[in-house]
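Undergrad: Following this message is one structure expressed as structure tokens.
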Amino acid sequence: MVINYDSYVNSIKYTDLSSRGDGLDSYDIEAVNNSVLNILLIKRGTIPFNIQFGAGLSTYIFEPMDMSSLNEYMSKILDMLEFYESRITIDRGQVEVSLSLEEQSVDIYLPYTINATGVEGEFYKRLVLG
Numbered sequence: 003m004v005i006n007y008d009s010y011v012n013s014i015k016y017t018d019l020s021s022r023g024d025g026l027d028s029y030d031i032e033a034v035n036n037s038v039l040n041i042l043l044i045k046r047g048t049i050p051f052n053i054q055f056g057a058g059l060s061t062y063i064f065e066p067m068d069m070s071s072l073n074e075y076m077s078k079i080l081d082m083l084e085f086y087e088s089r090i091t092i093d094r095g096q097v098e099v100s101l102s103l104e105e106q107s108v109d110i111y112l113p114y115t116i117n118a119t120g121v122e123g124e125f126y127k128r129l130v131l132g
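Shown next, in the form of structure tokens:
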């Protein structure tokens, strides 16, 4: 059997399951938020066989960034989140991002809908990147 490497790697999705311990509820808001957090924090190139995975937000804290470059970068991150976390649809019009260079942190608010259930959820986190 021959496996095409590119199609195999591009089909790998990332997901976390709920920590509630009541089964494999992969459409749980907690599970989706865990997955989104991991996608945001994992440095690109650190996952074997899928070096394109990960937003690596912590690597950008020392980059010169204004609102224009932040918006461009967040657009790429939202594309990545929608690709790797295909359980959700992000309401891009309601996404809020706030960058604090003094505190070396970024506040991210992502409202989304879980595709399979229609349940609305939100991811909000202050990430200290230094």
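As numbered in my numbering, residues 3 to 132 make up the sequence shown, in order.
A virtual CB, placed ideally from N, CA and C, is assigned to each residue, including glycine.
#1: Can we say the region 46-53 touches the region 96-109, given the rule of at least three CB pairs closer than 8 Å?
#2: Between 112, 129, 128, which lies nearest to residue 87 when the distance is taken from Cα to Cα?
#3: What are the residues that DSSP puts in a beta bridge with residue 109?
#4: Cutting at 6 Å between CB atoms, please list the residues of its own chain near residue 108, excluding the five before and the five after it.
#5: Spatial neighbours of residue 41 within its chain, please: CB distance less than 7 Å, with the 5 preceding and 5 following residues excluded, ordered by chain position.
#6: Tell me, please, which residues DSSP counts as bridged to residue 115.
#7: May I have the straight-line CA-CA distance separating residue 32 from residue 44, to the nearest angstrom?
#8: Got a sec, what are the start and stop residues for the alpha helix (DSSP H) residue 36 sits in?
TA: On the basis of the coordinates in this document:
#1: Taking 8 Å as the limit for Cβ pairs, the verdict is that the region 96-109 does not touch the region 46-53.
#2: Distance from the Cα of residue 87 is smallest, within the candidate group 112, 129, 128, for 112.
#3: Note: residue 109 sits in a beta bridge opposite 100, 128.
#4: Cβ within range, chain order: 101, 129.
#5: The answer, listed in chain order, is 16, 56, 57, 82, 83, 86, 87.
#6: Residue 115 pairs with 91, 122.
#7: A straight line joining the alpha-carbon of residue 32 with that of residue 44 spans about 18 Å.
#8: Per DSSP, the unbroken alpha helix (DSSP H) holding residue 36 starts and ends at 31-43.
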